[in-house]
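For reference, the structure discussed in these notes is given below.
Number of protein chains: 2
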Amino acid sequence: MTPMSGDMPSPQLLEEFSQFFRLLSEPARLQLICHLKQGPMDVAALIEATGFSQSHISRQLGQLQRAGLVSCERDGVRMIYQAQDELVSDLCNLVQKRMKQRLEAQLEQLQIA
Amino acid sequence: MTPMSGDMPSPQLLEEFSQFFRLLSEPARLQLICHLKQGPMDVAALIEATGFSQSHISRQLGQLQRAGLVSCERDGVRMIYQAQDELVSDLCNLVQKRMKQRLEAQLEQLQIA
DNA sequence: TTCCTTAATGCTGGCATCGTCATAAGATTG
DNA sequence: CAATCTTATGACGATGCCAGCATTAAGGAA
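Take a look at the structure:
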């Protein structure tokens, strides 16, 4: 039933994929996204929630914003950040589902042996 | 309709997610996975297909194997590697779909302006 | 204007990872 | 056994990214 192949993505596409995944390869960024998923927050609230330094948070948010995972708007002197789409949640759910399957399989192996 | 929140994943889970995404943050590894998706191959074939050095390929395959994305079996003196599940394809498809949506949105912005 | 608050950015040290060379480990053949 | 072929690994230079300090930029209040 396997169609024997999807085709090989172009090197440029692979490069874009890897850059995107690299964004998610940092716990700090994932954490920020998770917090923002609970609702819009300003930087001060993110500092309070995570304990990270102001400049660190600002940099990470900058990267996430350039990738379109996060948006922001001014509120006076504050910047209110907001999670922009569901993609990261979807990706994490897929990964988690697979982790679970893998552990269950290992469990069965142990019970047989 | 948004349930106003899924809950916040634990730091350990975030760490595992990020480690997994880090695996996919390297074009070389994505490329190896894509080649292996076409069917089982030995290391020599992967060298031929990618132009990477033998030791480089061996290292990357080692990482992918520890994560369960790739499996291998001996055939005499050769090692035949094989892609192990569809997760990576699924993740890439989701990312690609979103990239497309984003570009289409930008296109519309341009036409309005 | 000046002062204060908040967020973004230049610069830097430290650490992790990539990629290569050389070598070791494992398997097969004679 | 030795010789050879294939893959894995130790060591190392180069590169890139993180995380913090200090500074700058931007807005609002007096």
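Chains H and G are the protein sequences, given in the same order. Sequential numbering of the first sequence, starting at 5, is according to my numbering. Sequential numbering of the second sequence, starting at 5, is according to my numbering. All C-beta atoms in this analysis are idealised placements derived from N, C-alpha and C, irrespective of residue type, glycine included. As the structure is a prediction and not an experimental result, all values here were calculated from the model.
Where do the N-terminal and C-terminal ends of the alpha helix (DSSP H) with residue i fall, by residue?
i	result
G:GLN86	Looking at the DSSP string, G:GLN86 is not in any alpha helix (DSSP H); the run it does join, the beta strand (DSSP E), is 82-87.
G:GLN64	58-70
G:MET103	91-116
I need the boundaries of the beta strand (DSSP E) containing residue i, first residue and last residue.
i	result
G:SER132	Any property of residue 132 of chain G remains undetermined from this structure, which presents chain G solely from 5 to 117.
Is the closest heavy atom of the ligand GDP to the C-beta of residue i under 7 Å?
i	result
H:LEU111	Ligands are entirely absent from the displayed structure, and the ligand GDP is therefore not among its contents.
For a contact meaning CB atoms closer than 7 Å, what does residue i contact in chain H?
i	result
G:CYS96	PHE21
G:SER29	SER22, PHE25, ARG26, SER29
G:GLN35	LEU18
Name, please, each residue of chain G whose Cβ falls closer than 9 Å to the Cβ of residue i.
i	result
H:LEU91	LEU98, VAL99, LYS101, ARG102
Determine the chain H residues that contact residue i at a beta-carbon separation under 8 Å, and present them in chain order.
i	result
G:GLY72	ARG106
Given that residue i touches chain G, what residues does it touch there, using C-beta distances under 8 Å?
i	result
H:MET12	CYS38, HIS39, GLN42
- prompt: Contact between the stretch 65-85 of chain G and the stretch 100-107 of chain G: three or more CB pairs below 8 Å?
  reply: no
- prompt: Is it a yes or a no for the stretch 50-68 of chain H touching the stretch 9-22 of chain H, going by three-plus beta-carbon pairs under 8 Å?
  reply: no
- prompt: Which of the residues in the stretch 53-66 of chain H, read from start to end, lie with their CB under 8 Å from any CB of chain G?
  reply: none
- request: Answer yes if the stretch 107-115 of chain H comes into contact with the stretch 20-37 of chain G, meaning at least three C-beta pairs across the two stretches below 8 Å, and no otherwise.
  value: Flag = no, the stretch 20-37 of chain G and the stretch 107-115 of chain H do not touch.
- prompt: Which full runs of the alpha helix (DSSP H) of 4+ residues lie inside the stretch 14-60 of chain H, going along the chain?
  reply: 15-27, 31-41, 47-54
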